[in-house]
Amino acid sequence: MSARETLAARQISRDDSLVGRSIVRPNIRRHTEGGGHFVDDIKLPRMVHVAFLRSPHAHARIVSIDSNAAARMPGVIHVATGKDIAAISKPYVGVLRHMEGLRSPPQYPMAVDVARWQGEPVVAVVAESRAQAEDAIQRVDVGWEVLPAAVNMEKALDPSEPVIHESYGSNLCYRQIVDTGGVDEAFAQAHLVVEDTVNIGRQTGVPLEPRGLIAAYNAADRELTVYHSYQSAHLMQGTLATCFSMEERQIRVIVPDVGGGFGIKIHTYGDEVAACALAIILNRPVKFIADRFESFQSDIHARDHRVRGKLALDREGNILALEIDDLTGIGPYSMHPRSSSIELLEVVLFTGGNYKHKLYRARGTVVFQNKNCMCQYRGVGHPVAFAAMEHLVDQAALKLGIDPAEMRRRNLISDDAYPYTSPSKTRFEILSHQKCLTQLLKLMEYDDLRKEQAKLRKRGIHYGIGLASFFELTNPSPLIYGMGGARIGTVESCTIRLDAGGQIVVHTAICELGQGAETIVAQIAADAVGVELSSVKVISGVDTLSGPTGSGAWASRQTGTVGEAVLQAGLTLRKNILDVAAVVLQTSEEKLDIINGSVVMKDGKRGGNVSLLELARIAYYRGNELPSTCEPLFMATHQFRIKDYDFVFSNGAAGCLLEVDPETGFIDLLKIWCVDDCGRAINPKLVDEQIRGGMAQGIGPALLEHCIYDDQGQLLTCTMADYLLPMSLDVPDIEVHHVQTLTKTSALGAKGIGEAGASAPPGAIMNAVNDALRPFNAKVTRQPITPEVVLEALGKISQVSSVSRQA
Amino acid sequence: MIEPKEVFDISLTVNGERLTRRVQVRTNLADFLRHDLELTGTHVGCEHGVCGACTVTLNGKIVRSCLMFAVQADNCEVQTIEGLSRSGVIKDLQDAFVQHNGVQCGFCTPGMLAAAHALLQQGPLPSRERIRDFLSGNYCRCTGYQAIVDSVQAAANQRARSSMP
Ligand code: FES
Ligand code: FES
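Protein sequence lines correspond, in order, to chains F and L.
Residue numbering for the first sequence is 40 to 846, as defined by this note's numbering.
Residue numbering for the second sequence is 12 to 176, as defined by this note's numbering.
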């Protein structure tokens with residue numbers, strides 16, 4: 040370890056360090072007083088409102104648009120068509136160069152000739168109020184030629200299906216294959232082959248605050264300022280610069296409080312680009328706030344996967360080989376800028392990545408369809424990969440008469456095998472699957488639970504116990520998007536200073552969505568410099584003009600990467616402060632330490648104390664007291680990126696207990712346990728809360744949430760009464776424990792945690808339901824597992840209605 | 012045919028302040044509070060009565076301000092999160108939400124607090140089940156609810172302790 044590394048480790052692991060403690064978030068009280076500052080709370084002078092007429096058809100040609108009547112409606116200022124917006128905004132393409140074969144045509148902010156999903160924006164009306172804009176939309180007359188729609192992903196590649204982008208000749212968007220070789224031989228020789236198909240339904244993220252922005256244009260200086268409810272200010276800056284052929288310096292994006300993101304607010308949405316275009320056209324501020332109906336039709340959807348899986352096993356239950364075939368439908372375009380192929384890629388690369396087998400073959404197919412666009416939402420491909428694999432593992436255990444826990448013990452990669460390269464060539468630095476599993480079983484009192492279950496079964500009460508092992512891609516390197524040509528950074532920066540009032544001010548581009556990101560920054564900064572939490576001020580919100588460059592909240596990356604930049608910048612500031620203190624105290628820097636905001640002698644000798652406030656006063660106001668050779672630099676900056684690995688994976692194990700009522704098909708979720716390893720837990724309470732919140736977003740899709748389309752491509756679930764989200768009664772108490780295996784990719788040692796929670800429940804819950812259904816010789820393989828799905832599995836109803844069957 | 016009246020003058024008390032305003036009859040109470048009175052602590056998450064983010068107190072009862080017209084609040088007494096805060100009646104709940112991290116993004120928080128306040132007024136020491144049941148009309152997408160239930164329970168316990176003789 041270098042001296043710097045030793046110092047870093049010491050600063051964050053002293054007895055009085057704040058890192059590792061469950062500090063209460065210092066800046067959330069305002070939210071309890073209604074003092075949040077969300078985009079829709081902002082009003083600018085002369086601000087106007089935009090509303091969109093959206094395509095009522097899944098696939099239709101725009102023959103004519105007559106907006107004369109609309110333009111005459113009260114309060115209406117402007118009406119714009121897709122063509123009008125296209126005149127000032129270039130189209131974008133959701134393709135990454137490093138993903139061979141991935142294709143998607145240029146997409147305009149609004150439909151120009153053809154609308155390709157129900158909900159695609161077609162006409163924008165700007166008025167003095169949102170209500171007036173909506174009134175006027177009723178008067179826009181669009182002549183449509185309805186085209187046949189390709190809706191069902193299973194049929195999307197059939198020659199009989201309509202081709203959405205004619206020049207492509209088919210609805211194929213992307214195909215990915217992994218093959219280690221030797222898979223067929225393994226299956227031929229296997230003692231047991233288990234095969235099944237798992238369907239994961241379409242879902243969406245539903246941040247409680249809908250998407251929204253205010254765009255303001257300053258024509259004199261050609262500058263566009265956007266207040267945006269978004270997860271990455273710098274990404275939006277780059278996107279808008281490209282769309283409008285402007286320099287990035289002409290675009291300023293400010294992210295105020297964000298009412299939840301979860302991966303929904305990290306993509307390029309045509310309505311948002313169009314609102315910015317309108318601000319430029321009109322030269323006055325334009326506000327766009329999506330209402331809930333249009334959110335369901337236009338916020339990205341996710342999942343919608345059909346995974347066929349096959350396991351080869353020996354007599355002892357050792358997994359010898361795995362084969363999967365994954366199919367997903369992504370809507371008519373691959374979403375800009377991340378592309379809609381990453382979710383499938385994760386399924387292909389990660390399924391079975393926690394198990395020991397060496398032989399693997401995977402085929403993934405992404406198809407276009409006339410539904411809303413699909414892209415990355417919390418967990419991305421992970422929940423799909425783990426639902427499929429954990430299901431297969433349980434089915435194998437059942438056939439072999441091995442307990443599911445024992446089955447995992449035998450097959451999970453042992454902790455000492457890391458670093459480990461999986462059959463899909465994914466490199467894992469250091470994980471703890473076995474340790475997490477062992478702790479989980481203890482936490483659940485697994486053996487007792489099994490006994491209890493057996494007893495209850497005799498009384499006709501059907502408990503199910505389900506396990507899922509998981510891992511999570513976090514802290515990505517530039518390999519994830521940057522190398523594919525997307526303007527998505529992976530570098531994080533921190534500038535930290537001691538100001539004249541003795542306060543440590545920290546500036547990063549960390550995006551606070553409620554995770555407690557700013558608290559994490561404060562804890563690390565306080566430790567790095569050696570001050571109390573109350574002396575640290577973290578600048579809230581992200582502003583591309585006044586703040587450092589960063590990349591925002593996605594891929595569970597902020598704590599690990601921004602946190603490291605803060606730690607290193609803080610250590611430099613500490614050193615700079617000590618340099619000046621050494622002059623003032625007439626000693627040498629090595630003899631000094633900073634404790635609770637005061638410089639003290641390391642050996643505890645008295646006489647040599649000076650507070651940071653006093654040092655600041657001297658440096659800023661009474662420089663005459665310093666020798667001319669002493670030049671205080673009470674400001675430090677550091678930039679950090681992950682270098683040694685492509686990604687830093689975290690991992691864990693989850694268990695769930697539920698009851699199934701075989702008469703009604705109702706599922707009562709009783710308890711969830713999770714043991715997670717995110718490396719160093721900077722604030723264990725906040726880690727717990729990320730897991731719990733994430734798990735609620737895994738429970739929802741496993742049991743309730745479903746974007747249901749009819750066979751014409753009409754979305755039937757456009758309200759929160761139709762799209763069922765977990766309520767407080769649906770989520771049980773979730774017990775969380777931690778294992779902490781530090782990553783060596785940073786001095787901080789923190790891995791990410793944001794998405795892990797969402798990844799485990801689909802697998803654990805499906806296994807628990809099937810465990811409960813075992814006496815009936817029944818199983819479910821389709822999510823959400825509604826009562827209808829359970830009753831179908833039990834043979835009590837003949838077939839799940841075709842709409843809810845549709846994956 | 013009688014033309015429907017488009018605007019209407021209403022008088023009401025909001026957070027203890029007596030106000031008279033001319034409103035469009037179709038303006039809902041949430042929009043009136045947020046846009047006309049600039050009380051932006053009342054949030055709007057669905058505008059169709061499901062999420063509970065817009066919960067405010069009307070004549071002492073909690074209502075969804077997105078499901079009411081502003082004109083229906085004529086002659087009524089409305090308390091928004093700003094008023095509840097200033098009066099100090101929910102200070103213990105607010106403290107508990109801070110202490111137990113019952114807040115993540117904060118978007119559901121004002122409505123959640125109004126609902127929790129109503130629950131605690133119904134009687135002391137509600138069970139976790141009762142808290143979950145009562146709050147089931149207030150959606151939170153961030154927390155998974157446990158920390159919110161913890162917060163409400165902690166505040167209830169505190170109230171019970173301090174009302175003991
Ligand atoms: S905004 Fe009123 S209930 Fe959702
Ligand atoms: S804290 Fe974000 S919705 Fe509840």
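The C-beta atom is built at its ideal place from N, Cα and C for all residues, glycine as well.
In this structure E511/F is not in contact with H430/F, their Cβ atoms being roughly 19 Å apart against a cut-off of 8 Å. The beta carbon of G73/F sits no closer than 7 Å to any heavy atom of ligand 1. Against chain L, the beta carbon of F335/F has no neighbour under 9 Å; the closest one sits roughly 10 Å away. Placement of the Cβ of R169/F at a distance of 7 Å or more from every heavy atom of ligand 1 is found. In summary, H137/F is exposed, with fewer than 16 beta-carbon neighbours lying within 10 Å of its beta-carbon over all protein chains present.
In this structure, S61/F sits away from V217/F, with a CB-CB distance that is not shorter than 8 Å. Closer than 8 Å to the CB of M734/F there is at least one CB belonging to chain L. Contact check for R100/F against V153/F passes: the beta carbons are separated by less than 8 Å. P458/F and K783/F have their alpha carbons spaced roughly 11 Å apart.
C533/F has its CB no nearer than 7 Å to any heavy atom of ligand 2. The region 384–398 of chain F makes no contact with the region 236–253 of chain F: fewer than 3 CB pairs, one atom from each, lie closer than 8 Å.
With a cut-off of 7 Å, the C-beta of G63/L is classified as near ligand 1, since at least one heavy atom of the ligand falls inside that distance. The Cβ-Cβ distance between T676/F and C533/F falls below 8 Å. V829/F and N39/L have their C-alpha atoms roughly 41 Å apart. Residues of chain L with a Cβ closer than 8 Å to the Cβ of I706/F do not exist; the shortest Cβ-Cβ separation is about 17 Å. In this structure, A41/L has its CB closer than 7 Å to one or more heavy atoms of ligand 1. Any Cβ of chain L closer than 8 Å to the Cβ of R68/F would place that residue at the interface, and such an atom is present. Under the Cβ criterion of 8 Å, E72/F is counted among the residues facing chain L. Taking G277/F as reference, the option from L384/F, G521/F, I535/F, S106/F with the minimal CA-CA separation is G521/F. The three-state secondary structure of S798/F, taken from DSSP, is helix. Inter-residue distance for V325/F and C315/F is about 7 Å (C-alpha atoms, whole angstroms).
Within the DSSP bridge table, the entry for F108/L names no partner.
In this structure, A195/F is the residue among A195/F, C717/F, G309/F, I824/F with its C-alpha nearest to the C-alpha of C212/F. Interface annotation for the region 750–761 of chain F against chain L: T758, M759, A760, criterion Cβ-Cβ distance under 8 Å. Neighbours of M766/F in chain L, taken as residues whose beta carbon is under 7 Å from its own, are S147, Y150 in chain order. Under DSSP, Y213/F forms a beta bridge with V405/F.
V74/L has its CB no nearer than 7 Å to any heavy atom of ligand 1.
In the three-state reduction of the DSSP assignment, M112/F falls in the coil class.
According to the DSSP secondary-structure assignment, W712/F is paired through a beta bridge with G694/F, E774/F.
In the structure shown, H472/F falls within a helical segment according to DSSP collapsed to helix, strand and coil. Here S334/F is buried, its C-beta having at least 16 other C-beta atoms within 10 Å. Straight through space, the alpha carbons of V74/L and F43/L are spaced by roughly 14 Å. At least 8 Å separates the CB of A127/L from every CB of chain F. Neighbourhood of A166/L in chain F, by CB distance below 7 Å: empty, with the nearest CB roughly 11 Å away. If you look at G251/F, you'll find it isn't in any alpha helix (DSSP H); it sits in the beta strand (DSSP E) that goes 251–257.
Below 8 Å, enough C-beta pairs join the region 178–196 of chain F and the region 398–408 of chain F to call them touching: three or more.
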